[in-house]
């Protein structure tokens, strides 16, 4: 509105200048032309800005919480113009009697006034003053002051109805997040020649979901797989390859079980002195880029890649491989940069870097001239910040690496690669996977659980569950297979994502396949039921689209109102996760949405049938539209979590 008003004033000013020119009043026509050009430029800028803002509103869903924060921010500013950064707290109400949202800023402002101005004012008085200064807006029906100074906010029903209609006509749109930024996410990161195990599960699932969320929000996302594909272990692997498959350069070696191959070479390295010496020589030749040794290295990496890809295909994971080998040539420059800036100390032949606030230094070069994981991680950080130009950099790595990564980040900041006020560099840490005995998840023999075995067990158990429910009698063979993979992999992902990633979590097939409570099995089943409501009423997609354009969503019943508000909280849920990277919030929301829908469906007839004949006598289209809006939001939530729902289950 402010910009549109300024456009009117600028247009009038341009007309005025034109008249001055025509009347010959101005002593400097050139000056007038300059002034006119500046005004036209400003006018063009404002008009373009308004067009962009309007296009944004079409392309993004309204975050009601953010809208209310803007409204109450303006009210607080008007009521207390002298306060700098006053507390602004707006949250959804927990009970209907307290309205739809609450502004709880009055208590905080009381404390600020007492500390900064030595004024003792009651929170209720402050709440009243804020309420009187609420600007005109389209979303608030009324406000009430409750208790010591809570401001209860009641939303307008026509506003909520309008937003739901927009959702149905335009589809689920991301929350408005401003400038399109570059996001680099480092996740999964298994080691070559070792099989992926249950420890890689969390990084892979969490990282994929974070990427999907940032991509949906409109960011430019680079998904990096920082493979452990370089290092001294390749010496023993290449030496063993030469012995076992001497013609490997001309005939591709049939390495079926790379894990067994790794164990054989490790046993020889530990017990055969001559083999150990040759393994060290192989490392030197590999690092000096000898073509035969590079070929051996590539063969070993390719075998691992094929095994990793089987798991990525099962879990629908997309990654760009950029292992430790990618950064080898950059390490020399990293060490030189730290030396040139005076950060390197020599300790017993090693080159080390002390970072303020961290007791253990980074070793950037070993006494034999070799590089370390510290050097590799610094080179990766520098490349992502300085070459990839990341605005946001997220490392999805277990909590055990926290101190190491914080030291590396602080070193990057110290040397000037990034400013934390401008660039966000974050360690999205996660806890370990535990067995049902609350100890690290292992096989009965005490070995680490292979990830491929875990996924196959999930498929078997999902099929058993579906057959227990006699789904094999009502679904086609193809539908049954689709339901099996949806349930198996969906449940494994959801069991992980529904827990706060910072905590350890207990892996239990029985719990994750339970179709009651906050599980993927329950949500997937709820979703198929919702999708079936319109289908069973013989209402197709085109009829729903037409109804969305023409019908007004009536929200008179308390359960309709509760569901409508719950649906529209989706953008604020996503906004929160973009900030704190805690995906369990989305799982909690989807479960709340499904249970809120069940309350609505149990109390509000969508399709009314004759009790005797079972014939449909009435279709309440606005309620079917609420069903459709619920399913649309659930489908997008599933997509962000990497879960594939099915139409029949």
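In the UniProt record's numbering, the protein residues as written are 1 to 649. Glycine included, every Cβ here is placed at the ideal spot set by N, Cα and C. This one's a predicted model, so the numbers in the text were calculated from it and none came from an experiment.
Residue i - DSSP class collapsed to helix/strand/coil
i           : result
residue 103 : strand
residue 635 : helix
residue 146 : strand
residue 255 : coil
residue 23  : Residue placement at residue 23 is poorly supported in this model, since its pLDDT is 36, which falls under 50; the coordinates still yield a value, given next. In this structure, residue 23 counts as helix in the three-state DSSP scheme.
residue 365 : strand
residue 92  : strand
residue 573 : helix
residue 646 : coil
residue 57  : Caution is warranted here: a pLDDT of 41 is assigned to residue 57, below 50, making its placement in the model unreliable, and the coordinate value is therefore given only provisionally. Helix at residue 57.
residue 505 : strand
residue 391 : coil
residue 30  : Residue confidence is low: residue 30 scores 47 on pLDDT, short of 50, so the model does not pin down where it sits. Its coordinate-derived value is still stated next. Residue 30 falls in the helix class under three-state DSSP.
residue 37  : Because residue 37 carries a pLDDT of 49, less than 50, the predicted location of this residue cannot be relied on, and no value is offered for it.
residue 140 : strand
residue 515 : coil
residue 191 : strand
residue 345 : strand
residue 319 : coil
Pair within 8 Å by beta-carbon distance, residue i and residue j
i           : j           : result
residue 323 : residue 286 : no
residue 262 : residue 193 : yes
residue 498 : residue 566 : no
residue 216 : residue 640 : yes
residue 590 : residue 524 : no
residue 311 : residue 452 : yes
residue 505 : residue 455 : no
residue 489 : residue 458 : yes
residue 131 : residue 109 : no
residue 352 : residue 361 : yes
residue 229 : residue 396 : no
residue 143 : residue 100 : no
residue 167 : residue 629 : yes
residue 547 : residue 625 : yes
residue 254 : residue 241 : no
Nearest-angstrom Cβ-Cβ length linking residue i and residue j, presumed shorter than 8 Å
i           : j           : result
residue 492 : residue 181 : Residue 492 to residue 181, Cβ: 31 Å. No contact.
residue 462 : residue 513 : 7 Å
residue 355 : residue 426 : Not confirmed; about 18 Å, so no contact.
residue 380 : residue 226 : 7 Å
residue 653 : residue 127 : Outside the shown range of the chain (1 to 649) lies residue 653, about which nothing can therefore be said.
residue 104 : residue 91  : 7 Å
residue 327 : residue 376 : 6 Å
residue 344 : residue 364 : 7 Å
residue 315 : residue 223 : Residue 315 to residue 223, Cβ: 13 Å. No contact.
residue 544 : residue 537 : Not really, about 10 Å apart at Cβ, beyond 8 Å.
residue 64  : residue 572 : 7 Å
residue 563 : residue 600 : 4 Å
Which listed residue (the options) has its alpha carbon closest to that of residue i
i           : options            : result
residue 558 : 542, 442, 623      : 623
residue 621 : 552, 122, 377, 176 : 552
residue 69  : 128, 112, 134, 111 : 134
residue 414 : 378, 396, 403      : 378
residue 304 : 637, 482, 424, 196 : 196
residue 178 : 170, 203, 209, 214 : 214
residue 517 : 598, 546, 580      : 598
residue 78  : 119, 283, 136, 468 : 136
residue 580 : 394, 274, 530      : 394
residue 399 : 301, 118, 600, 203 : 203
residue 341 : 411, 318, 370      : 411
residue 123 : 511, 106, 138      : 106
residue 148 : 188, 102, 167      : 102
residue 437 : 386, 211, 507      : 507
Buried/exposed call for residue i, threshold 16 Cβ in 10 Å
i           : result
residue 184 : buried
residue 647 : exposed
residue 173 : buried
residue 633 : buried
residue 374 : buried
residue 483 : buried
residue 89  : exposed
residue 420 : exposed
residue 476 : exposed
residue 531 : buried
residue 219 : buried
residue 519 : buried
residue 307 : buried
residue 163 : buried
residue 55  : Note that residue 55 scores 43 on pLDDT, short of 50, meaning its location in the model is unreliable; the coordinates nonetheless yield the value given after this. Flag for residue 55 reads exposed.
Cβ-heavy atom distance, residue i to the ligand GDP, below 7 Å
i           : result
residue 471 : Ligands displayed in this structure: none; no statement on the ligand GDP is therefore possible.
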